[in-house]
Amino acid sequence: MTAADSPTSSATPQERADRYDAAAIEPKWQARWRATAPFAVPPSRLPAADRKYYLLEMFPYPSGEGLHIGHTRVYTIGDALAKFQHMNGREVMRPMGFDAFGLPAENAALKHGTHPWDWTERNMARFKEQMEVMGWAYDWSREVATCTPAYYRWTQWLFLQFLKQDLAYRKKAWVNWCPSCNTTLANEQVVDNACERCSTLVTKRDLEQWFYRITAYAQELLDGLDTLTHWPDSVKSLQRNWIGRSHGLEAAFPLVSRHGSVAIFTTRPDTLYGVTYLVLAPEHPLVAELIADSPDPAALRAFVDEVSRQKDYERTAEDAPKRGMPTGAYCKNPASGEPVPIWVGTYVLGDYGTGAVMAVPAHDQRDYEFALTYDLPVQTVIIPPDGAPAPSDAAYTEPGIMVASGDYDGLPSETFKAQIMDRAEQEGWGRRIVQWRLRDWLLSRQRYWGCPIPVVYCDTHGMVPVPEDQLPVLLPRDVEFKPTGQISPLATAPDFLHTTCPTCGGLARRETDTMDTFVDSSWYYVRYCDPTNEQALVDPVHAAAWLPVDCYIGGIEHAILHLMYFRFFTKAMRDMGLIPLDEPARVLLTQGMVIWGGQKMSKSKGNTVDPLELVALFSADAVRTFILFAAPPDAQIDWADHIENERLVDGKKVFDNKGVDAAQKFLNRIWRTIAPHAELLATMQDRLAAPSPEFASPEAAGAWHALIREITLDFEPRQHLNTVISGLMKANNLLGDLVPGLPGTAPDFATAVGAFLRMLAPVAPHLAEDLWESCGMATSIFAAPWPAYNESVLASRTVTCVVQVNGKLRDNLQVAQDITEDALIALAKTDKVTASIGEATIRKVIARPPSLVNFVVG
Ligand code: ANZ
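Written out as structure tokens, the structure is:
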């Protein structure tokens, strides 16, 4: 789709002169900011402890498509907040860089016949240009790109520290494997169970892989969430569930006619007497043993193969069909002694708990559905406590009173739960355990465009870490990165592969897997504090001065993966003595998505909007103003709500962007209010830059200080940038009210313009700078202080109160802003009002202090 608005097409010359000429003015300021870098905080600078403000937005992946509207939103929010903090006297560090390793670079390079490095470099350059066009003030002196040796040297160095701390290890793991390309695949490359490249069905393979031991911090990652008082609850609850701490019982069910037992994990030992079958995950080691003796070995084997190809989330989705097959084998319920048939089922995961479930269809919904499908018995053991009937068509999952549970009948289920766990521990068939859902982080990728893992393998010494003084292990450029049948493309580069052992000097082989790109982004926030340091990842002095991040901004889609890794790395780096903090970011702002007609925007659906095209049609300031105004930062914006006149032109869908258009009109109105008076204003520069604006008119003082207060609080702590814009709209109307009195009201007008432009600057920086300059101000508006509001002016402020009788206006009053309801009603009975009421009785008084009183009479 293309936007059809053309603000210049129908404008007359006069209208053009009246309008803010963004096409000329915006590039002028961008060049100026580039030359003077008003927001740079050079890497050598240490901030004053009480003034530092580290604002970080999640850095982009430099895709081939350039900036999209989601970037536009997150970075505009960040820009406005950073500029606000800067004008409030903080030393704001707001760095930017690129999350530049990753699969799309390889795929795009294959498609276009370029090299991932060239493709990525080109995209990064383009991103930077586009970011400048948006007027975003980044401190490029601190730029990092994760694909540069200067950066990934430290990603590798950290890996070695993790290895030393036993936080990195290698073990066999099941990974996706494409039998046709003869290579492993990332989960993202598996589409509908098939290889995205050749559509061959993907299988699983057991391969040696590297892991980060995030589970070592499970408890701390969970507890730390309670300290994050300025993180959204939604993110914290997603993380809590992901970490997933459960208390329960691990119990052994002895096998019948075989040696050994099956261990299960249950959070509901109170349901033990209701177990009617047991389900093994297809990956459970016992399954392979049981297949041969099962009633139909071929069918069971085929079933197991098919299920193990499915993804966990597909298998366990609530609405996924619960399928299974009997193995023919039995075990024994350790509590009741009853025989229990053993099944294999799709809904049991191989890597959670013990990979086996005691099934209680009467009290677990998944088991219930499975039992219904396969006609397995349902045995109720808990009934509702108040004698209410249990549901007849679903599992009863609440606590209650025990029934059909041997000697325990009549006990409350919670009491029984404790008793049966005690008994299990005494009799030795079970123990209380804590189970975590969190798994260690598999970081090996059999891909080219990533950070090489800095270890070698020697026949004599096994795995040997690359010595720190030999870092970085460079990613070689000339590599056939197309999948060729080797596991990792780097294995096809002999110069890379063959090396010597750091221990014995003998022949050795390099690790040819690269790291998951999430590793790169787990620690970048630390590097920004000291980006050019060649001796250390970070100088502790710089780390202590800048960390933690004061405000971190990014999409809610990162709630789990990135934000969990980011917290994990923080704790691990703290324990290595690198940084002095427990949590990486004080405030987390998760911005809402920009969608279209309720759907995610995507190139393939053709429902994207190009921010640069919008800038060309309107202005960067208009796009910024619109995107901040359309919704509070954390809410969704549906672009479809802000367009009109959708139509076909030459077979192409086009439309008018009424939302951005309205923002542009607002900016034009500001221009027309102020620009004609620039000469007059230039004679009152002290007033324009006054730290706390002073007005001759008490009314103006009250109104302006109230607005400054609201806008300031909307920036911080509320971060309601949408109401900042409505505040600015009100302010512009107030400015307009002062114009007719000019030149008499000039001093108040100048004071108001000064406060207004400074509050506008974080939102529409080009326009604000230009008007500021045209009023004769010699330095950047960003060097001027944020206008301060005066509480005493506000306290003494009077407002107009409307007095009605039966809803009709009868009088106006000037009253104090903080007047009480009783006082207001007393004051409202003015002569005019009493005359209007006459002999009638007052039936009701509706008072809305301080602005309205309505007497209902009759
Ligand atoms: C019997 C039972 C009866 C269960 C009942 C629940 C309700 P959380 O809280 O998430 O830890 N479970 C155990 N291992 C599993 C696996 N590998 N795959 C799928 N499900 C598994 O959940 C623990 C419960 O999930 C366990 O308690 C077990 O079912 C199931 F009325 O055991 B329960």
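To convert, note that position 287 of the sequence shown is 711 in my numbering; the numbers rise steadily by one, no gaps.
Ideal placement from N, C-alpha and C gives every residue a C-beta, glycine not left out.
Keeping to the same chain, check which residues put their C-beta closer than 7 Å to that of residue i; ignore five residues upstream and five downstream.
i	result
Pro-431	Residue confidence for Pro-431 is low, a pLDDT of 41 falling below 50, so the modelled location carries little weight; the figure read from the coordinates is stated next. Leu-1041, Phe-1042, Gln-1088.
Gly-874	Phe-525, Thr-938, Met-939, Thr-941
Gly-752	Asp-717, Ser-718, Pro-719
Thr-624	Cys-602, Pro-603, Ser-604, Ala-618
Asn-1278	Gln-1228, Gly-1231, Ile-1270
Gly-648	Arg-991, Asp-1006, Glu-1007
Thr-1175	Arg-1111, Ala-1114, Pro-1117, Glu-1118, Phe-1119
Asn-957	Asp-963
Give every residue of the same chain whose Cβ lies closer than 6 Å to the Cβ of residue i, excluding the five residues on either side of it in the sequence, and list them in chain order.
i	result
Thr-936	Ser-912, Leu-914, Ala-915
Trp-598	Lys-628, Asp-630
Gly-868	Note that residue 868 is Ser in the sequence shown here, rather than Gly. If we look at Ser-868 and ignore the five residues flanking it on each side, its Cβ neighbours are Gln-633, Trp-634, Asp-937.
Leu-1195	Ile-1098, Leu-1181
Tyr-1213	His-1129, Ile-1132, Arg-1133
Thr-1147	Asp-1138
Asp-590	none
Leu-1276	Val-1226
Trp-1020	Asn-1031, Trp-1063, Ala-1064
Ile-1205	Ala-1185, Ala-1192, Glu-1193, Trp-1196
Pro-656	Thr-1014
Thr-1258	none
Cβ of residue i versus every heavy atom of the ligand ANZ: is any distance shorter than 7 Å?
i	result
Leu-773	yes
Met-845	no
Gln-859	yes
Ala-676	no
Phe-689	yes
His-787	yes
Val-781	yes
Ala-705	yes
Arg-692	yes
Gly-748	no
Gly-854	no
Thr-695	yes
Ser-670	yes
Thr-804	no
Thr-651	no
Gly-648	no
Thr-821	yes
Between residue i and residue j, which are expected to be in contact by the criterion C-beta below 8 Å, what is the C-beta distance as a whole number of angstroms?
i	j	result
Asp-954	Asp-963	5 Å
Met-1025	Thr-1032	5 Å
Thr-570	Asp-944	4 Å
Val-731	Thr-770	5 Å
Thr-1222	Val-1239	6 Å
Trp-581	Leu-862	So it is not a contact: roughly 26 Å between Cβ atoms.
Ile-825	Pro-809	6 Å
Val-784	Gly-672	About 13 Å separates the two Cβ atoms, so there is no contact after all.
Arg-933	Val-880	6 Å
Arg-577	Leu-895	5 Å
Ala-518	Tyr-562	First, the residue type needs correcting, since residue 518 is Arg and not Ala in the sequence shown. Yes, Arg-518 and Tyr-562 are in contact; Cβ-Cβ is about 6 Å, under 8 Å.
Excluding the five sequence neighbours on either side, which residues of its own chain have a C-beta within less than 8 Å of the C-beta of residue i, listed in chain order?
i	result
Leu-1036	Gly-490, Leu-491, Gln-554, Val-557
Glu-838	Asp-694, Pro-823
Tyr-754	Leu-679, Val-680, Ser-681, Pro-763, Val-764, Pro-765, Ile-766
Thr-460	Ser-1204
Gly-488	Pro-528, Ala-532, Trp-543, Asn-547
Given 8 Å, three or more beta-carbon pairs between the stretch 662–679 and the stretch 853–866 | Yes: at least three Cβ pairs fall under 8 Å.
Identify every run of the alpha helix (DSSP H) within the stretch 1033–1107, keeping only runs that are complete inside it and at least 4 residues long; order them along the chain.
-> Runs of the alpha helix (DSSP H) inside the stretch 1033–1107: 1035–1041, 1044–1053, 1082–1098, 1102–1105.
Please determine if the stretch 1003–1011 and the stretch 465–472 are in contact, where contact requires at least 3 C-beta pairs separated by less than 8 Å.
-> Under the 8 Å Cβ criterion, the stretch 1003–1011 does not count as touching the stretch 465–472, having fewer than three qualifying pairs.
Which runs of the beta strand (DSSP E), 3 residues or longer, sit entirely within the stretch 556–608?
-> The DSSP assignment places 563–569, 592–602 as complete runs of the beta strand (DSSP E) inside the stretch 556–608, in order along the chain (cut-off: 3 residues).
State whether the stretch 1041–1061 contacts the stretch 1187–1194, with contact taken as three or more CB pairs (one from each stretch) at a distance under 8 Å.
-> With a cut-off of 8 Å, the stretch 1187–1194 and the stretch 1041–1061 count as touching, because enough Cβ pairs lie within range.
Quick one: any contact between the stretch 693–708 and the stretch 762–781, if contact means 3 or more CB pairs under 8 Å?
-> Verdict: yes, contact present.
Could you tell me whether the stretch 1059–1068 touches the stretch 980–987, where touching means 3 or more Cβ pairs closer than 8 Å?
-> Because the criterion of three Cβ pairs below 8 Å is not met, the stretch 1059–1068 and the stretch 980–987 do not touch.
Where in the stretch 1125–1198 do unbroken runs of the beta strand (DSSP E), each at least 3 residues long, occur, reported from the N-terminal end onward?
-> If we require 3 residues or more, the stretch 1125–1198 turns out to have no beta strand (DSSP E) run fully inside it.
Would the stretch 839–847 and the stretch 494–507 be scored as touching if the rule is three or more Cβ pairs under 8 Å?
-> Too few Cβ pairs lie closer than 8 Å, so no.
Which runs of the alpha helix (DSSP H) fall wholly inside the stretch 519–558 and span at least 4 residues, in chain order?
-> Secondary structure in the stretch 519–558: the alpha helix (DSSP H) runs of 4 residues or longer, each lying completely within the stretch, are 527–536, 540–557 in chain order.
Scan the stretch 926–996 and note each continuous beta strand (DSSP E) run of 3 residues or more that stays entirely inside, going in chain order.
-> Every unbroken stretch of the beta strand (DSSP E) spanning 3 or more residues and falling wholly within the stretch 926–996 is given here in chain order: 931–934, 973–979.
Mind pulling the alpha helix (DSSP H) runs of 4 or more residues that sit fully within the stretch 733–772?
-> Runs found: 736–740.
Three or more C-beta pairs closer than 8 Å, one from the stretch 535–542 and one from the stretch 573–593: is that the case here?
-> Output reads no: the stretch 573–593 does not touch the stretch 535–542.
Start-end ranges of the beta strand (DSSP E) lying completely within the stretch 788–840, minimum 3 residues = Correct list: empty.
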